[in-house]
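Protein chains in written order, with the working numbering: chain A, 1 to 357; chain B, 358 to 714; chain C, 715 to 942; chain D, 943 to 1170; chain E, 1171 to 1426. Encoded as structure tokens, the structure appears first; notes follow it.
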Amino acid sequence: MSHLEFACQHSRSAEFRLDARFETHHGVTALFGPSGAGKTTVLAIIAGLLKPDAGSVVHDGRVLVRTTERRFLPPEKRRIGMVFQDHLLFPHLTVRKNLSYSRRAAASGRKLAALGEVAAALDIEKLLEQFPRQLSGGERQRVALGRALLSQPDLLLLDEPLSSLDARLRYRILDYVERVVRLWDVPVVFVSHSQAEVRRLAQWVVMLDRGRVVQVGTPEEVLGSSDALALQNSAAPINLLRFEKVRRAGDHCFGQLGSQEVFVPLQGPTVREPLIVQFSPRDVILGRHGLTGVSARNQLSGTIRQIVRTDYGVFAAVDVGQIVWAAVTEDAIRELDLQIGGEAICLVKAHSLEVLG
Amino acid sequence: MSHLEFACQHSRSAEFRLDARFETHHGVTALFGPSGAGKTTVLAIIAGLLKPDAGSVVHDGRVLVRTTERRFLPPEKRRIGMVFQDHLLFPHLTVRKNLSYSRRAAASGRKLAALGEVAAALDIEKLLEQFPRQLSGGERQRVALGRALLSQPDLLLLDEPLSSLDARLRYRILDYVERVVRLWDVPVVFVSHSQAEVRRLAQWVVMLDRGRVVQVGTPEEVLGSSDALALQNSAAPINLLRFEKVRRAGDHCFGQLGSQEVFVPLQGPTVREPLIVQFSPRDVILGRHGLTGVSARNQLSGTIRQIVRTDYGVFAAVDVGQIVWAAVTEDAIRELDLQIGGEAICLVKAHSLEVLG
Amino acid sequence: MLTAEELTAVRLSLSVALTASLVALPAGIACGYLLARWRFAGKWILEALVNVPLVLPPVATGYLLLVLLGARGPIGSLLWDHFGIRLAFSREAAVIAAVAVSFPLMVRAIRLAFQAVDPRLEMAARGLGAGRTRTFLTVSLPLARRGIIAGWLLCFARSLGEFGATILLAGNIAGETRTIPLAIYSMTQRPGGLEGSWRLVVVAILLACIAMVASGYLERSRADDVAS
Amino acid sequence: MLTAEELTAVRLSLSVALTASLVALPAGIACGYLLARWRFAGKWILEALVNVPLVLPPVATGYLLLVLLGARGPIGSLLWDHFGIRLAFSREAAVIAAVAVSFPLMVRAIRLAFQAVDPRLEMAARGLGAGRTRTFLTVSLPLARRGIIAGWLLCFARSLGEFGATILLAGNIAGETRTIPLAIYSMTQRPGGLEGSWRLVVVAILLACIAMVASGYLERSRADDVAS
Amino acid sequence: DGDEPAGVRRSNRATAEVTVFAAASTLPALEEIAAAYRDERGEVIRTSFAGSSTLAQQILQGAEADVFVSAHVHWADFLADAGLEERRVDYLSNTLVVVVPQDTKPTLTTVEDLLSPQVQRVAMGDPEHVPAGMYAKEALMDLGAWPALKQKIVAGADVRHAVALVSRGEVDAGIVYATDAVDAANVCIAFELNASAERPIRYPLVLTVRGGESERAVEFYEFLQSPTAAAIWRRQGFVVLVRDLQDGVSAVGAVD
Ligand SMILES: Nc1ncnc2c1ncn2[C@@H]1O[C@H](COP(=O)(O)OP(=O)(O)OP(=O)(O)O)[C@@H](O)[C@H]1O
Ligand SMILES: Nc1ncnc2c1ncn2[C@@H]1O[C@H](COP(=O)(O)OP(=O)(O)OP(=O)(O)O)[C@@H](O)[C@H]1O
Ligand SMILES: [Mg+2]
Ligand SMILES: [Mg+2]
């Protein structure tokens, strides 16, 4: 299993100083954080494009940098493929020559991909004889990704590799990258601003803010945490339920929430405890009493604690053991006579529950 | 009201020829389409950075280009602010000087924004004395947006202006751009790959594919259409309901669906007919009979027409006059005994309905 | 250290080279920009014309200039008849000779610099409302700065070393047109010959050093932050 | 059209200039790259050294070369004692003189070109596994191509016009070292000879034109697609 | 000599100034004469030194020269043909000498020695156009040595160049003016070479038409031939030809 240890300090300007330390031994690690947090800086240090002021980077036992020992492995020896935020394609070479620039031999016994396959996966087959300046923004981004994939790296660093792609391509390429990563077991560290991308690809998330690591963990832990919420400041509160105990039953399971149980569909074969699920307040339907004959499996009863009117709508907080936020209309409040302190039932589709783990 | 007429042909390479014709008189128009479709090319022609091989562009009666008359208004006379996909900040000027580069006087009686305000809105106040090469990718993008906003344009062209921003900033900046656009009535043509952004900002969508306009219309029409779906290939079907008749009642209304009515919360003061709403299959709860005492206002009864098992889950198509897709679990199918031809009730939260118009 | 005569020559050389490089600068920038950015029919003719003094021996350049600008030449006689100006055999003539000979060097450096400026940045400026002139002054010119300085310096340095055209057009008049190279030449005619001119040679070398350091300072690239 | 003597001079000039510019090219590229990319202590010394021939009158450069390379000079005597080679007064001497005088021009153009190459592209290449050498050959060099061609051309053209240093180091030997400038010079020194030299002047101008057209072709920028 | 008042330096267009264009080889002497003239008459003379050919061309192109000191009669003739000559006197002469580097034993004593294999290269002014070279060539032709020596000739850009080549040991011998040889470092004179009788070495002093119109120019022109000047010429190694003899000119005085 791949292992990356990062612990570096680096001042980029009077305003910005990176001082980050994290470890990951996961296949896909996401660097997450607001613009200017230092994500690109971290990747540049790992790739050897930037010498940190102090600190070290160790990948699979190989010391890439260690300032105390004055060691600095030159970038060409690191076997690290990088997709740059601004692509950095070679302007004087055709797409084909850009893609085949790296002559690095595949590491023992594995060849990640062939040019034709990568070009097909990235939908750039027709562009092979073009020059970079003849490409559109998204095309450039794909070529940059292809170039990195074809460099037979031991570690892939992707800096927003899909930001200017439409959904269709993004899905297709995500699929492909996932396959590459799984099949050849190349660890990936990637930067993305899309929670969906991070959730889909990453097994580990490092959250940066103003040059510091503010949180590290699984996507569920990190993206669901209050810190993440503060950083993300999404338009509405997000519901997170944490089940310390989980009862397994066939291909689904039930999270224990006090005396109540929450039906959770499971994708994988294993269940981890604690189990954390996330869902939007808009996925919650409030009712006054229990229902039968509906496909919504989860009906949690609790007490209304709060009703908040925001720019984004009205939200009610229901204490069902933990707090569940529900988006409601003023009409519904009137009609159902929702009041603070009153009882309510939260109807949540099992489908709406995203398992973060 | 602003009016833009675009009808140009332009060959960029043997592979790609733009041949697009569209009109818009909407405040915010989105250019939508896959990578390499010609979106940037269209903007470049409007801005005057590219002379089309043939055709004309007319904005508010001003002929910007008309090749038959050999007319080509130089870019500096067009009063068009553009955010480039690759930013094109002046590398030798500080952020402040980049922002204040344009000395164009505000058009009669309006001054769009002051530097301080724009810098605050874009969160680049601390970067004013930096040079572009000292900025992160997202910071550059924001400066480029600020520069365009500060050029007192009569028309704003934004080429993926938010692609490398995290959600928080994106929302904040979207808010700001929306405000600018509304307050000063500056028409905007923007390129985005995010359906959410398009839905939020745009009143009109022009969908491009391989240099041709494949569809034009409101975001609902275009994004909901089968073409858009094909282009987007989103992971699941999307529900679209079209109400030819709408009954207005206070600050909400009821769309007529045969004999049934659908409760639709309305944001604006006006209701347009036909009214189109969109919601995800995951927002639909299937039941066998009507329910009371729930906050979900819409219960549509219909016949199950289809049950589809895909990679993304199981979907049931219910004919309630129009087809409504619901995401279901295998458990629910068993438990509720859902069968093709059987009756079912679709429970849809009014909140889940996105009004496309 | 230097004799009065040598000092005069050094001072004169500096003033001639400085004047020449400054006088040539606007034209050099105009020519360089024109050649880099515009396409016009007779472009290669302009180019060849600018470059002729490079291929010609300076003496021939000087002679051509003399024929043009001398009292009997078409331009020279015009200037004399209408303005009472005599160009040849004056400090101005030394400046003209230096400009003629070093102009191609300046133009080439400046032209390359303009070619390296991303035309899309110029388009961006125009989109922001800057006309051609403002775009040129605020974008193209500062971005070509390094090449312009290099061109200016080449012109200055070449002017310092100019001999052949100068002696023909401006003569070798002590205190008026006897620049360092002419002074070195004159000294070789005196007892002691070439060896007697070493002080001026050293001065010339020192000037080269100073110019280099100065240009290094002017052209100084801002620190790149990639490791090397 | 040309006399045999003139033809010889033209042929000799071309061969000397071509040899000089080609011989100087590798060193010019090395120097230009070094000065553009590396930071080392005595950098300005190297720079000044390279540029000295620019500021010195060519005659002085020629004399310094003679002192170095002549039979009694430190290098010349070495060559003579160990290899039996006499440099001065040969075609090789003409080449050396041309190189010395035009080298600074070449280096400056090349240096500017390397400075204009985005160092991040070089880093990208290295990240793809290319060592310093491959990065240099496949990224830096091709991206600096225009400047290198310009430098080469400057060197070639300046060599064609070189007079002062050549006559000192190589003498004015018909068929051996009498290049076009020397031939023109010789002619102009005879009464009535000036008029006789016009044919060579025309040839020199033609060469300038050809060089310009050729370099325009070599440096040709790919069509930019911004309107202008 | 370099410290003329600043005002003088600037007044390059002052037509009143007497301007002398003189062959570069006469520079030391002429500067001294001009200084003497200034001390005596209080008048500053403007001088420009270059190759005679250059100067003649400049005068032809309208340069404001009052007096022209040419190193060869050719260029005086050239101006005369162009109608620019007012007066002329072939006032000076020079001697040709064969020089060798000081550290080689001066074993050369005759022209025949130059032909011997121990002498591989002989430097002289370019016989095509440098006056000293032209005179040397004619002298050698008179002696019949030219065809044999031709191959060994290294043509200098001017006499000083030839002298430098000898002093650097670049060549085994050189044929130069005595005036250039006297003070050259590391050079010694092997023997004198008699100039061709047909074309004796002459330095014409030319008063141009323009100079003829200025009294002060004529005054200086005459001063150039005055006893004061003659002493200086001689001290610099020239031979002054005096015209007080009936049959033309005769040489008086020689190397100091
Ligand atoms: N070359 C530089 N010189 C000085 N400061 C720099 C430089 N590059 C980046 N910075 C600063 O360092 C900080 C971190 O930059 P970095 O590129 O790592 O951010 P990021 O997390 O990648 O942001 P984004 O998502 O916007 O790309 C930023 O505040 C930026 O202004
Ligand atoms: N300078 C150019 N020369 C030749 N072809 C070009 C040039 N610029 C763009 N193209 C081609 O034109 C097509 C349209 O490019 P354009 O930049 O308009 O696409 P786009 O819709 O903006 O795509 P993206 O979303 O990837 O930015 C692409 O196929 C591209 O390869
Ligand atoms: Mg970044
Ligand atoms: Mg684009």
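Where a beta carbon is used, it is the ideal one built from N, C-alpha and C, also for glycine.
Item                                                                                                                                                                              : Value
In chain order, what residues of the region 837-871 of chain C put their CB closer than 9 Å to some CB of chain B?                                                                : 837, 838, 839, 840, 841, 842, 843, 844, 845, 846, 848, 849, 852, 853, 856, 857, 859
Nearest to residue 542 of chain B by CA position, among B:513, B:443, B:526, is which residue?                                                                                    : B:513
Need the endpoints of the beta strand (DSSP E) that residue 204 of chain A sits in, please.                                                                                       : 204-209
Any heavy atom of ligand 2 closer than 7 Å to the Cβ of residue 139 of chain A?                                                                                                   : yes
Of all the options C:928, C:845, C:800, C:802, which has the alpha carbon lying nearest to the alpha carbon of residue 461 of chain B?                                            : C:845
Go to residue 677 of chain B, then tell me how far its alpha helix (DSSP H) extends in each direction, as first and last residue.                                                 : Taken as a continuous stretch (DSSP letters only), residue 677 of chain B belongs to no alpha helix (DSSP H), as it is neither H nor E.
Is residue 865 of chain C near residue 925 of chain C, with beta carbons less than 8 Å apart?                                                                                     : no
Identify the residues that DSSP records as bridge partners of residue 596 of chain B: which are they?                                                                             : B:636
Considering only residues of the same chain and omitting the five flanking positions on each side of residue 662 of chain B, which have a CB-CB separation below 6 Å?             : 674, 676
Here's a check: name, in chain order, each residue in its chain whose Cβ is nearer than 8 Å to the Cβ of residue 1027 of chain D, leaving out the five neighbours to either side. : 1021
Can you tell me where the alpha helix (DSSP H) with residue 140 of chain A in it begins and where it stops?                                                                       : 137-149
Could you confirm whether any beta carbon from chain C is found closer than 8 Å to the beta carbon of residue 1383 of chain E?                                                    : no
Which whole-angstrom value is the C-beta distance of residue 32 of chain A and residue 198 of chain A, which I expect to be below 8 Å?                                            : 6 Å
Please compile the residues from chain A whose C-beta is within a distance smaller than 8 Å of the C-beta of residue 449 of chain B.                                              : Result: empty, since nearest Cβ-Cβ is about 18 Å, beyond 8 Å.
When DSSP labels each residue in this structure, what does residue 606 of chain B get in the three-state scheme?                                                                  : strand
Is the beta carbon of residue 79 of chain A closer than 8 Å to that of residue 154 of chain A?                                                                                    : yes
When the cut-off is 8 Å and only beta carbons count, does residue 1332 of chain E lie next to chain C?                                                                            : no
Buried or exposed: where does residue 1364 of chain E fall if 16 or more other Cβ atoms within 10 Å of its Cβ makes it buried?                                                    : exposed
Looking only at its chain, what residues have a beta carbon closer than 7 Å to the beta carbon of residue 1169 of chain D, apart from the 5 residues adjacent to it on each side? : Unreliable placement is indicated for residue 1169 of chain D, whose pLDDT of 29 sits below 50; the coordinate value is still reported in the next sentence. No residues qualify anywhere along the chain.
Does any heavy atom of ligand 3 sit closer than 7 Å to the C-beta of residue 77 of chain A?                                                                                       : no
Going by the CB atoms, is the gap between residue 817 of chain C and residue 738 of chain C shorter than 8 Å?                                                                     : yes
Please report the distance separating the alpha-carbon of residue 947 of chain D from that of residue 1351 of chain E.                                                            : 33 Å
Following the continuous beta strand (DSSP E) through residue 1210 of chain E, name the residue where it begins and the one where it ends.                                        : Not the beta strand (DSSP E): residue 1210 of chain E falls in the alpha helix (DSSP H), residues 1197-1211.
Ligand 4 heavy atoms versus the CB of residue 548 of chain B: any closer than 7 Å?                                                                                                : yes
Could you check which residue in B:559, B:657, B:706 has the C-alpha nearest to that of residue 384 of chain B?                                                                   : B:559
So that I know if they touch, is there some Cβ in chain B lying closer than 8 Å to that of residue 826 of chain C?                                                                : no
Do residue 1099 of chain D and residue 1193 of chain D have their beta-carbon atoms positioned less than 8 Å apart in this structure?                                             : The question about residue 1193 of chain D has no answer, for chain D in this structure spans 943 to 1170.
What residue does the alpha helix (DSSP H) around residue 825 of chain C start on, and which one ends it?                                                                         : 805-830
Is the Cβ of residue 892 of chain C closer than 8 Å to any Cβ of chain B?                                                                                                         : no
Under three-state DSSP, which class holds residue 1371 of chain E?                                                                                                                : coil
Run the proximity test for residue 520 of chain B: is its beta-carbon closer than 7 Å to any non-hydrogen atom belonging to ligand 4?                                             : no
Tell me whether residue 785 of chain C sits in a helix, a strand or coil according to DSSP, three-state version.                                                                  : coil
What I want to know is whether the C-beta of residue 516 of chain B ends up closer than 7 Å to one or more non-hydrogen atoms of ligand 4.                                        : yes
Using the Cα positions of residue 226 of chain A and residue 985 of chain D, report the straight-line distance between them to the nearest angstrom.                              : Only weak support exists for where residue 226 of chain A lies, its pLDDT of 46 falling under 50; the value from the coordinates is given anyway. Cα-Cα distance, rounded: 55 Å.
Shorter than 7 Å, the distance from the beta carbon of residue 451 of chain B to the closest heavy atom of ligand 1, or not?                                                      : no
Thinking residue 731 of chain C and residue 812 of chain C are a contact (beta carbons under 8 Å), I'd like their distance in whole angstroms, please.                            : 6 Å
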